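Offset between the sequence shown (1-based) and the numbering used here: plus 165. Every residue gets a Cβ at the ideal spot worked out from N, C-alpha and C, and that includes glycine. What you are looking at is a predicted structure, and each value in this text was computed from that prediction instead of being measured. Structure, as structure tokens:
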Amino acid sequence: MLSRRNILATAAVGAVSAATARAADFGNPDQPPEGAVNVTNPKALTDPGPQDPGLAGNEAAFQNPPATDVNGMSQFWTSFNLAPKRIQNGGWARQITVDDFKISSTIAGVNMRLGPNGVRELHWHQQAEWAVVTAGVCRITILDQLGRPQVADVAEGGLWYFPAGFPHSLQGLGPDGTEFVIAFDNGESSEFNTLLVTDWIAHTPPEVLAKNFGLPEEAFKNIPVHNRWIYQSNTPALSLAEVEAQMASAAGKPPNPFVFYSDQFKTIHETKSGSVRLADSTNFLVSKTIAATVVTIKPGGMREMHWHPNADEWNYWLKGEGRVTVFNTGPEAMTANFHPGDVGYVKKAFGHYVENTGDTDLVYMEVFKADRFEEIGLSDWLAHSPKDMVAETLNIDLSLLSQIPNDNPALVPA
Ligand code: MN
Ligand code: MN
């Protein structure tokens, strides 16, 4: 009976060669062996029970895990494509909180669409809100803790960051409205349960409202008794400059903007296989609890084996097709396929890599509840360790170690 290590070795070296002599050293040593490659009767691989081929077919790596995977890791894949929408006149939202995705303790995700002139009502919450615009243009308004307002129009690829408790609004502008993805810096946050201005006004006695705002009680006779959350509005009557003038405060403007435009990302890695572009508190100054990157991987390329020492990674998939394998102690290793609209989660310091499995550019975002982005590349670590120690540990020919990238390329082949 063939062992997995022999089969893997044979597959890896192709034709029988001198390498066969070392086959026993290659591959995954776990017993009993896992993977379809070890199945002797093909019938054992079939799935005669009930199934949804459309859904199952989307996750090839779940159906047929690599033989190096070790089953048993917490689920780190989910998708907005499978999240129910809350739809109101003007737009919709769907969310993935820790209730939906148990591993995601530090980040809750929201995918929101505001049609042309759809408004997400004036509100605030206990968590910080970071977002990336994925379509159209969104007009944001915010007031900071020193009474300094900002209004800005954010187009596709741009970000905003609203610190916890800072009140804000969102509006999709014409002609196409907007869509965006929010990351709250707490996995328990819910977009369906925020502090809404309508709720508070409706639950305050009219005489208190009159005293608070210096208006007659009658001014409040038509307030909505239910919240609006998302509602359909009209084309803004004022230009951006006019709104800004209308909102202006004697306290001035916030010293650092709460928005970040797509051309402001800093490229921190670029190779022939792609790039990593950064937005954290070093260049998006207000973003004190969320750090993010945009990763582009070209066909055939890979985000190299790496980990993040300072925070869990919540990732959101924008374009293309990819495959992620995560490694933990145990050992545990699990592989999942990712498509646009999917969400992944990698715990702090767990090893992982991302392969582009399609024939177009793969683009995803790495999002961290942290003030800055940090990473450690496996090749960089091995290249900058004692070579004889690495050769001895891994039983690799010492002379080959000088070929390992020593400049933390992030995207390989470099
Ligand atoms: Mn909000
Ligand atoms: Mn990563």
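Pro401 sits away from Thr363, with the two beta carbons spaced by 8 Å or more. Cβ neighbours of Ser355 within its own chain (closer than 8 Å, five residues either side excluded): Gln260, Thr262 and Ala273. Under the DSSP assignment, Gly222 falls in the alpha helix (DSSP H) whose first and last residues are Pro218 to Gly222.
Here Thr500 is buried, its C-beta having at least 16 other C-beta atoms within 10 Å. At least one heavy atom of ligand 2 falls within 7 Å of the beta-carbon of Glu478. Of the heavy atoms belonging to ligand 1, none sits nearer than 7 Å to the Cβ of Thr262. Relative to ligand 1, even the nearest heavy atom lies 7 Å or more away from the CB of Glu286. In the structure shown, Leu311 falls within a coil segment according to DSSP collapsed to helix, strand and coil. Here Leu360 is exposed. Its C-beta has fewer than 16 other C-beta atoms within 10 Å. When the five nearest sequence neighbours on each side are left out, the beta carbons in the same chain lying within less than 6 Å of the beta carbon of Gln315 are those of Ile307, Pro419 and Phe423, in order along the chain. Excluding the 5 residues flanking it on each side, Val511 has same chain C-beta neighbours closer than 7 Å at Phe241, Asp477, Glu478, Val491 and His517, in chain order. With a threshold of 16 other beta carbon atoms within 10 Å, Lys534 meets it and is buried. Look at the stretch 413 to 455 and you find these whole runs of beta strand (DSSP E), each 3 residues long or longer: 431 to 436 and 439 to 444. Separation of the CB atoms of Asp309 and Phe331 is rounded to 6 Å, and the pair is thereby assigned contact status at 8 Å. With a cutoff of 8 Å on beta-carbon distance, Thr299 and Glu372 are scored as not near each other.
Within its own chain, the residues whose Cβ lies closer than 7 Å to the Cβ of Glu539, once the five positions on either side in sequence are excluded, are His473, Pro474 and Asn475, listed in chain order. Take the alpha-carbon of Ala444 and the one of Pro207: they are about 49 Å apart. Ranked by Cα distance from Thr369, the options Asn358, Glu382 and Leu559 are led by Glu382. If you draw a straight line from the Cα of Ile455 to the Cα of Phe503, it is about 23 Å long.
Trp295 places its beta carbon less than 8 Å from that of Leu324.
Three or more pairs of CB atoms, one per stretch, sit closer than 8 Å, so the stretch 565 to 572 contacts the stretch 540 to 554. In this structure His434 is not in contact with Ile541, their Cβ atoms being roughly 13 Å apart against a cut-off of 8 Å. Within the model, the alpha-carbon separation for Asp195 versus Leu565 is close to 26 Å. Comparing alpha carbon positions, the residue from Leu527, His333, Ile561 and Thr494 closest to Val441 is Leu527. Beta-bridge partners assigned by DSSP to Ile272: none are found. A direct Cα-Cα distance of roughly 55 Å separates Phe227 from Gln411. Around the Cβ of Asn282, a 10 Å sphere holds 16 or more other Cβ atoms; the residue is buried. Residue environment analysis places Ser239 among the exposed positions, since fewer than 16 neighbouring C-beta atoms fall within 10 angstroms of its C-beta. Annotation: the stretch 324 to 400 contains the following complete segments of the beta strand (DSSP E) (minimum length 3 residues), in chain order: 324 to 327, 333 to 337, 343 to 349 and 395 to 397. Around the beta carbon of Ser544, 16 or more other beta carbons sit within 10 angstroms, so the residue counts as buried. Note that the C-beta distance between Leu450 and Asn421 is below 8 Å. A Cβ-Cβ contact shorter than 8 Å links Gly439 with Val460. The alpha carbon of Gly200 has as its nearest neighbour, out of Ala209, Ala348, Ala232 and Leu405, the alpha carbon of Ala232.
When the Cα atoms are used, Asn276 and Gly312 turn out to be separated by approximately 29 Å.
Closest in alpha carbon position to Asn358, among Asn377, Ile395 and Gly342, is Ile395.
In its chain, beyond the 5 residues on either side, Met467, Gly487 and Arg488 have a beta carbon closer than 7 Å to the beta carbon of Glu520.
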